[in-house]
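J.: With full-length UniProt numbering, the residue at position 181 of the sequence shown is 181, and numbering never jumps. Note that CB positions come from ideal geometry on N, CA and C, so glycine has one too. Supplied in structure tokens, the structure appears directly below.
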Amino acid sequence: MAGHVKTKFHSMFGNIKKILHKLWVPDYLAVTTLEPENSSLRKIHISKTMIDDFINIAKPNTEKKLHTGAALLAIAARDVYYVIALYIPLQTSMKDTFEVFREVRMENYCKKYGVVPIGWIHLHPAEQCYLTDIELHNLFRYQEQVREFIAIILAPNSIFKKYGVFRIRDPEGMEVIRECKEIRPCCDHKHKNPETGGPIYHECSNNVILDSKIKYDIEDMHFNPCRKAYRSYKLDRTSSQVDGIIFLHSGCRW
């Protein structure tokens with residue numbers, strides 16, 4: 001009898017979660033499937049410890065319900081991207097997004113150490129784990145240059161999903177954002193569904209591997225530019241590998 005009641009409770013709770021998810025997450029943003037295996041996309045290796053470090057560094061903002069973001073910088077070796085640096089830019093944190101400034105510093109950092117932006121990580125302190133319309137436009141600009149570019153969303157207070165790795169569907173989702181006529185993409189707005197059906201973006205965990213062996217550097221230009229406590233590996237490479245990469249303009253919202 002107890003087992004029957006427990007099963008019924010779980011079933012009822014599952015239905016409630018589906019209803020709430022329907023209310024909180026727009027249909028056209030809902031992620032329902034994993035990205036299919038694609039041998040043409042390079043694998044991305046990233047340290048879970050780096051993600052945990054970012055959560056700890058951003059804690060002062062998270063406690064105030066303010067957004068925080070950072071760039072994932074990688075090197076390419078044997079057709080694989082290895083994320084070896086987390087760059088936290090100078091930024092203005094807000095309740096629904098954040099603005100980054102002085103991107104030239106990150107550009108110089110990339111040129112100095114021979115790393116390229118391969119993704120960004122964004123902590124949603126109070127929202128659910130999904131990409132907003134603003135984030136979709138930002139991701140689109142990068143994904144047009146680097147197909148493997150990813151967006152990691154952390155939602156510690158979500159009751160559904162607290163972590164997700166996303167990429168805009170190509171070509172369906174990319175076409176939707178490309179045709180968006182919104183004059184100010186930094187403002188939240190609606191997007192139509194892809195004509196082929198399905199969501200604009202999906203999870204891409206098939207191409208992302210959590211690798212505890214990777215050593216990494218954390219360059220914190222926001223909370224404490226002189227902080228060294230989180231640094232587990234000091235980069236020493238120099239290269240012009242990032243020539244041609246377009247960085248976001250100052251004041252752009254993530």
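Roughly how many angstroms lie between the CA atoms of K111 and F140, to the nearest whole one?
T.: For the purposes of this step, residue 111 is taken as the residue at position 111 of the sequence shown. For the purposes of this step, residue 140 is taken as the residue at position 140 of the sequence shown. Each residue's alpha carbon lies about 23 Å from the other.
J.: Measure the alpha-carbon distance for A151 versus Y109 and round it to whole angstroms.
T.: Counting from one through the sequence shown, the residue named residue 151 turns up at place 151. Counting from one through the sequence shown, the residue named residue 109 turns up at place 109. Spanning the two alpha carbons is a distance of roughly 21 Å.
J.: According to DSSP, is T132 part of a helix, a strand, or is it coil?
T.: Sequence index remark: in the sequence shown, residue 132 carries index 132 (1-based). Coil, per DSSP.
J.: On the three-state DSSP scale, how would you describe Q145?
T.: Start at 1 with the first residue of the sequence shown, and residue 145 comes out as number 145. Coil.
J.: Going by Cα to Cα distance, which pick from L86, L131, K59, F160 is closest to P199?
T.: By 1-based counting over the sequence shown, the position of residue 199 is 199. When each option's Cα is compared against that of P199, the closest is L131.
J.: Is D52 helix, strand or coil by DSSP?
T.: The count along the sequence shown starts at 1 and reaches residue 52 at position 52. If DSSP states are grouped into helix, strand and coil, D52 belongs with the helices.
J.: How about R42 and V83: do their beta carbons lie closer than 8 Å?
T.: For the purposes of this step, residue 42 is identified with residue 42 of the sequence shown, where counting begins at 1. For the purposes of this step, residue 83 is identified with residue 83 of the sequence shown, where counting begins at 1. No, these two residues do not count as a Cβ contact at 8 Å.
J.: Relative to the C-alpha of Q91, which residue among P171, T68, A76, R105 is closest?
T.: Here residue 91 is taken as the residue at index 91 of the sequence shown, counted from 1. Answer by Cα proximity: T68.
J.: Which residues in the same chain as S212 place their Cβ atom closer than 8 Å to its Cβ, once the five residues preceding and following it in sequence are excluded?
T.: To locate residue 212, count along the sequence shown from 1; it is residue 212. Excluding positions up to five away in sequence, the list reads S47, K48, T49.
J.: Within 10 angstroms of the Cβ of Q145, are there 16 or more other Cβ atoms? Answer buried if so, exposed if not.
T.: Residue 145 sits at position 145 when you count from the first residue of the sequence shown. Classification for Q145: exposed.
J.: Taking three-plus beta-carbon pairs below 8 Å as touching, is the stretch 116-132 in contact with the stretch 58-66?
T.: yes
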